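S.K.: According to my numbering, the residues represented by the sequence shown are 16 to 605, in order. Even glycine gets a Cβ: it sits at the ideal position worked out from N, Cα and C. Here the structure is a predicted model, which means the values were calculated and not measured.
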Amino acid sequence: MTRVKKLIAAVMIVLAICSFGMVQAHADESDSTDAVKTYYCIANYPVGVRLSTSPNGRALAWITMTESEAADAYVYGKIDYSEDKDELKIRGLTAQSMRLYCEKLAIGSEPCKIDKIISCGGSIMTLEVKSGSYLKCNEVVGAHRFDIAPSGQDNNVYKPSALNLSEDSAEVIISDDKPYVYTGKVIAPTVQVKYEGRVIEQGTDYKVTYKDNINAGTQAKIVVTGCGDYGGEIQKEFTIKPANVQSASIDVASCVYDGTAKLPKVTVKLNGAVMGTDNYKITLKNNVSAGNKAEAAIEGCKNLTGKVSKTFTISQADITKATVTLAANSYTYSGSYFKPAVTVAYGSAKLKASDYTVQYANNKEPGTATVTITANGSNCVSGKRVVKNFRIEKKVPVISFKSPISTTWHNANGTHGFECVAPSDCQGTFSFKSSNPKLLAINAAGGRVQVMNNKAFGSVVITATFTPKGADAAHYSTKSITRTIKVVPNIVKIANTESKKSGQLYIQWSNSKKEYNASEYRIYYYGYKKDSEDCGQMSLYNSKSKITGTSTTITGLKAGKYYIKVVPCYKSGGNVQNGASTSAVKCVIK
Numbered sequence: 016m017t018r019v020k021k022l023i024a025a026v027m028i029v030l031a032i033c034s035f036g037m038v039q040a041h042a043d044e045s046d047s048t049d050a051v052k053t054y055y056c057i058a059n060y061p062v063g064v065r066l067s068t069s070p071n072g073r074a075l076a077w078i079t080m081t082e083s084e085a086a087d088a089y090v091y092g093k094i095d096y097s098e099d100k101d102e103l104k105i106r107g108l109t110a111q112s113m114r115l116y117c118e119k120l121a122i123g124s125e126p127c128k129i130d131k132i133i134s135c136g137g138s139i140m141t142l143e144v145k146s147g148s149y150l151k152c153n154e155v156v157g158a159h160r161f162d163i164a165p166s167g168q169d170n171n172v173y174k175p176s177a178l179n180l181s182e183d184s185a186e187v188i189i190s191d192d193k194p195y196v197y198t199g200k201v202i203a204p205t206v207q208v209k210y211e212g213r214v215i216e217q218g219t220d221y222k223v224t225y226k227d228n229i230n231a232g233t234q235a236k237i238v239v240t241g242c243g244d245y246g247g248e249i250q251k252e253f254t255i256k257p258a259n260v261q262s263a264s265i266d267v268a269s270c271v272y273d274g275t276a277k278l279p280k281v282t283v284k285l286n287g288a289v290m291g292t293d294n295y296k297i298t299l300k301n302n303v304s305a306g307n308k309a310e311a312a313i314e315g316c317k318n319l320t321g322k323v324s325k326t327f328t329i330s331q332a333d334i335t336k337a338t339v340t341l342a343a344n345s346y347t348y349s350g351s352y353f354k355p356a357v358t359v360a361y362g363s364a365k366l367k368a369s370d371y372t373v374q375y376a377n378n379k380e381p382g383t384a385t386v387t388i389t390a391n392g393s394n395c396v397s398g399k400r401v402v403k404n405f406r407i408e409k410k411v412p413v414i415s416f417k418s419p420i421s422t423t424w425h426n427a428n429g430t431h432g433f434e435c436v437a438p439s440d441c442q443g444t445f446s447f448k449s450s451n452p453k454l455l456a457i458n459a460a461g462g463r464v465q466v467m468n469n470k471a472f473g474s475v476v477i478t479a480t481f482t483p484k485g486a487d488a489a490h491y492s493t494k495s496i497t498r499t500i501k502v503v504p505n506i507v508k509i510a511n512t513e514s515k516k517s518g519q520l521y522i523q524w525s526n527s528k529k530e531y532n533a534s535e536y537r538i539y540y541y542g543y544k545k546d547s548e549d550c551g552q553m554s555l556y557n558s559k560s561k562i563t564g565t566s567t568t569i570t571g572l573k574a575g576k577y578y579i580k581v582v583p584c585y586k587s588g589g590n591v592q593n594g595a596s597t598s599a600v601k602c603v604i605k
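(1) Are threonine 224 and valine 238 closer than 9 Å when you measure CB to CB?
(2) Taking 6 Å as the limit between beta carbons, can you name the residues of its chain near asparagine 557, skipping five residues before and five after?
(3) With which residues is aspartate 191 paired in a DSSP beta bridge?
(4) Using 9 Å as the threshold, is the C-beta distance between tyrosine 361 and aspartate 273 below it?
(5) What whole-angstrom Cβ distance do asparagine 593 and valine 582 have, given they're in contact under 8 Å?
(6) Can you tell me where the beta strand (DSSP E) holding phenylalanine 481 begins and where it ends?
(7) In this structure, how does DSSP classify tyrosine 54 when only helix, strand and coil are distinguished?
(8) Are there 16 or more other CB atoms within 10 angstroms of the CB of cysteine 441, so buried, or fewer, so exposed?
(9) Identify the residues that DSSP records as bridge partners of glycine 443: which are they?
(10) Please give the ranges of any beta strand (DSSP E) in the region 293-331, keeping only runs that are unbroken, at least 3 residues long and fully inside the region.
(11) Quick one: any contact between the region 303-316 and the region 391-398, if contact means 3 or more CB pairs under 8 Å?
(12) Within this structure, are the beta carbons of lysine 409 and alanine 489 separated by less than 9 Å?
(13) With 16 as the cutoff for other CB atoms within 10 Å, does alanine 533 come out buried or exposed?
(14) Once DSSP output is grouped into helix, strand and coil, what is the label at isoleucine 500?
(15) Measure the alpha-carbon distance for asparagine 377 versus lysine 336 and round it to whole angstroms.
(16) Whose C-beta lies closer than 7 Å to the C-beta of aspartate 266 among residues of the same chain, with five residues either side of it excluded?
(17) For aspartate 191 and isoleucine 202, I'd like the C-alpha separation in whole angstroms.
(18) Taking the alpha carbon of threonine 320 as the reference point, which residue from Ala312, Tyr375 and Ala258 has its own alpha carbon closest?
(19) Assuming valine 476 and threonine 444 make a contact with CB atoms under 8 Å, what is their CB distance in whole Å?
(20) Considering only their Cβ atoms, is the gap separating alanine 364 from valine 342 smaller than 9 Å?
(21) I want to check one thing, is the minimum distance from the CB of valine 239 to the heavy atoms of the ligand ATP below 8 Å?
(22) Quick one: residues in its chain with C-beta nearer than 8 Å to the C-beta of asparagine 294, no 5 flanking neighbours on either side, listed in chain order?
(23) Give the single residue among Thr385, Ser596, Ser450 and Ser369 whose Cα lies nearest to the Cα of asparagine 391.
(24) Helix, strand or coil for leucine 555 per DSSP?
(25) Considering only the alpha carbon of each residue, which of Val600, Ser560 and Asn590 lies closest to asparagine 511?
(26) Given a cut-off of 9 Å, decide if serine 446 and alanine 479 are closer than it, judged by their beta-carbon atoms.
(27) Apart from the five residues on each side of it in sequence, which residues of its chain come closer than 7 Å, Cβ to Cβ, to proline 194?
(28) Alpha carbon to alpha carbon, how far is serine 349 from threonine 338?
(29) If we ignore side chains and look at the alpha-carbon of each, how far apart do valine 603 and isoleucine 414 end up?
(30) Give a yes or no on whether the C-beta atoms belonging to glycine 241 and asparagine 179 are separated by under 9 Å.
(31) For serine 514, name the three-state secondary structure that DSSP assigns.
(32) Kindly indicate the opening and closing residues of the beta strand (DSSP E) around glycine 376.
(33) So the beta strand (DSSP E) tyrosine 585 belongs to, where does it begin and stop?
(34) Count the other CB atoms, across all protein chains shown, that sit within 10 Å of the CB of aspartate 227; report buried if there are 16 or more and exposed otherwise.
(35) With distances taken from CA atoms, which of Ile388, Lys308 and Ala312 is nearest serine 330?
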């Protein structure tokens, strides 16, 4: 280090600081040796420089470095000042000393007060010194060392580490440090943060977030996270106490008596917000009958505490608004009085039988019976009477045909008949009707019903109707029964079968086509080997149709045994249908 080429003043400034921040400084270039250089001290993290107190509370405009031959010098704690400017006395290691005049100190565009802790994160601290020198800062334990060197030398750039917020270095102070009370909304206490005893700024040095800060019972937390020149995180717990349920707005809905214990709808609001039902328990008292002082006790839990009682109203039930049902709406006359059970309900809740009276009228004879339900005049049920109707129907007489009737009748000469059986417990008469009198004419002479017309074929419905008479007419209804009969030509009798020639069979039957009213005849034949073979199925037979006489010859037969049937046919609906067939006749073909 020489006096001619370079002026180096190593200045150790003993500062009251809160951290070991490091600063980068540089000098503006200038060709004038007399120009005053401006140095920008840009800090990524707070330097923590604290100037000593000054009576006027401000530092002056400039920091001026005078030339000095001192090799090293130290600036001690407090700054000496005058009215015009602050002067820093520097004690040199040699006899000659150097002076540092502080004329201006600013952070960004804001002048700094001497007693302010300088926090330069992201801002510019402006220092001005005489030409030929620039300012740089090296970290040393316990202080910041500033070296003054001639211009033209490279600046030293330092990247200081973040100041770590921790429980050891920082303190979070809640402005209103007392238990908070649940509001249903987020609770965000205002905080102040000190780092190593000095207050740092929210937004610049740290950010605040919150955890679990709505519900009571959980430990709420304030989370302070370093930013800017600070890193790390520190948490501060605070308490959210349950709100007293008495401070809430409570509404208990009224109910209508229905004979059951009422569970009214309870609405609890805190600060206008409806509380969930898991925040309180309800105990009910006198909650069955109308007219009593019904009571709901609400006891807080979770976010609520305390207990409060509220009364609610159970009004009388209006019986006219109830649903009235009978055990049955229809009965059959039996000679006894009918009294169907009555149910009076509101929804699924049924009133007690003691809440109303029931009267019956016209409840024995066939017709419309009435049930009158009237409120009993107690405190629980009111309203006018309710009338319900039910029917008593006449008893249906039991009638039948005396014996089973064949559903197929042959129209042979003569008559067919059937009888009907009247009920034993009812007096009355039968009447009969044919759905086709031209096919079947019904005659009730002699107590028997006779079918007399044998000139037609087809189906007919016979209706037998029993009509009660006398006193029984009031208690019994008319009853009809029917039977469908199919009328077909009479059975033909085979008179002769003969195989006159090989492979041929001659067949002759008695009675004429006119006698049976047949439109034609059909011959069915079936060959077999043994007498025991079943030949009852018509599907096994071959046939010959459209035979108009009373005899015919079948040709082309193989020698052997045959079954033969002759069937008279009739026309119905444009189609030819079979009448009653003969029994099968056995014959042998040559």
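M.R.: So, from the data block:
(1) Position 209 of the sequence shown, counted from the start, is the residue given in the question as residue 224. Position 223 of the sequence shown, counted from the start, is the residue given in the question as residue 238. Against a cut-off of 9 Å, the Cβ pair of valine 238 and threonine 224 comes out as a contact.
(2) Walking along the sequence shown from the start, residue 557 turns up at place 542. Excluding sequence neighbours, asparagine 557 sits near Tyr540.
(3) Looking up residue 191 in the sequence shown gives position 176. The partner list for aspartate 191 (beta bridge, DSSP) is empty, contrary to what the question assumes.
(4) Numbered from 1 along the sequence shown, position 346 holds the residue referred to as residue 361. Numbered from 1 along the sequence shown, position 258 holds the residue referred to as residue 273. Cβ atoms of tyrosine 361 and aspartate 273: closer than 9 Å.
(5) Numbered from 1 along the sequence shown, position 578 holds the residue referred to as residue 593. Numbered from 1 along the sequence shown, position 567 holds the residue referred to as residue 582. Confirmed, Cβ separation roughly 5 Å.
(6) The residue given as residue 481 occupies position 466 in the sequence shown. Per DSSP, phenylalanine 481 belongs to the beta strand (DSSP E) from 473-483.
(7) As a first step, residue 54 is located in the sequence shown; it is residue number 39 there, counting from the start. Any reading at tyrosine 54 must be qualified, since the residue scores a pLDDT of 31, below 50, and its modelled position is unreliable; the value itself is stated next. Three-state DSSP puts tyrosine 54 in a strand.
(8) As a first step, residue 441 must be located in the sequence shown, where it is residue number 426. Buried is the call here.
(9) The residue given as residue 443 occupies position 428 in the sequence shown. DSSP output for glycine 443 lists Pro483 as bridge partner(s).
(10) 295-300, 309-315 and 322-327
(11) yes
(12) Reading the sequence shown from its first residue, position 394 is the one you call residue 409. Reading the sequence shown from its first residue, position 474 is the one you call residue 489. Cβ atoms of lysine 409 and alanine 489: closer than 9 Å.
(13) The count along the sequence shown starts at 1 and reaches residue 533 at position 518. So alanine 533 ends up on the buried side.
(14) One-based indexing of the sequence shown puts residue 500 at position 485. Three-state DSSP puts isoleucine 500 in a strand.
(15) For the purposes of this step, residue 377 is taken as the residue at position 362 of the sequence shown. For the purposes of this step, residue 336 is taken as the residue at position 321 of the sequence shown. C-alpha separation (whole angstroms): 25 Å.
(16) Here the question's residue 266 lines up with position 251 in the sequence shown. Within the same chain, aspartate 266 has close Cβ partners Thr282.
(17) Here residue 191 is taken as the residue at index 176 of the sequence shown, counted from 1. Here residue 202 is taken as the residue at index 187 of the sequence shown, counted from 1. Approximately 12 Å between the Cα atoms of the pair.
(18) One-based indexing of the sequence shown puts residue 320 at position 305. When only C-alpha atoms are compared, the closest one is Ala258.
(19) Against the sequence shown, residue 476 aligns to sequence position 461. Against the sequence shown, residue 444 aligns to sequence position 429. Wrong, their Cβ atoms sit about 20 Å apart, outside the cutoff.
(20) Position 327 of the sequence shown, counting from 1, holds the residue named residue 342. Position 349 of the sequence shown, counting from 1, holds the residue named residue 364. Sequence inspection shows alanine at residue 342; the valine mentioned does not correspond to that position. Not a contact, by the Cβ cut-off of 9 Å.
(21) Of the ligands one can find in the structure shown there are none, so the ligand ATP has no counterpart to examine.
(22) What you label residue 294 is simply residue 279 of the sequence shown in a count that begins at 1. So the qualifying residues of the chain are Val283, Gly315, Cys316, Lys317, Asn318 and Leu319.
(23) Locating residue 391 in the sequence shown gives position 376, counting from the first residue. Residue Ser369 is the option with its Cα nearest to asparagine 391.
(24) Residue 555 sits at position 540 when you count from the first residue of the sequence shown. DSSP places leucine 555 in helix when its eight states are reduced to three.
(25) For the purposes of this step, residue 511 is taken as residue 496 along the sequence shown, with counting starting at 1. Here the closest residue by C-alpha is Val600.
(26) Counted from its first residue, the sequence shown places residue 479 at position 464. Counted from its first residue, the sequence shown places residue 446 at position 431. Yes, they are a contact pair.
(27) Against the sequence shown, residue 194 aligns to sequence position 179. For proline 194, where only same-chain residues beyond five positions count, the Cβ hits under 7 Å are Thr254 and Lys256.
(28) As a first step, residue 349 is located in the sequence shown; it is residue number 334 there, counting from the start. As a first step, residue 338 is located in the sequence shown; it is residue number 323 there, counting from the start. So the alpha carbons of these two residues sit roughly 29 Å apart.
(29) Taking the sequence shown and counting its residues from 1, the one referred to as residue 603 is at position 588. Taking the sequence shown and counting its residues from 1, the one referred to as residue 414 is at position 399. Their Cα atoms are separated by approximately 53 Å.
(30) Walking along the sequence shown from the start, residue 241 turns up at place 226. Walking along the sequence shown from the start, residue 179 turns up at place 164. A contact, by the Cβ cut-off of 9 Å.
(31) Here residue 514 refers to the residue found at position 499 of the sequence shown. Note: serine 514 maps to coil in three-state DSSP.
(32) The residue given as residue 376 occupies position 361 in the sequence shown. Residue identity check: residue 376 is alanine in the sequence provided, not glycine. Residues 371-376.
(33) Mapped onto the sequence shown, residue 585 falls at position 570. Unbroken beta strand (DSSP E) run through tyrosine 585: 575-587.
(34) For the purposes of this step, residue 227 is taken as residue 212 along the sequence shown, with counting starting at 1. Exposed, because fewer than 16 other Cβ atoms sit within 10 Å of the Cβ of aspartate 227.
(35) For the purposes of this step, residue 330 is taken as residue 315 along the sequence shown, with counting starting at 1. Of Ile388, Lys308 and Ala312, the residue nearest in Cα terms is Lys308.
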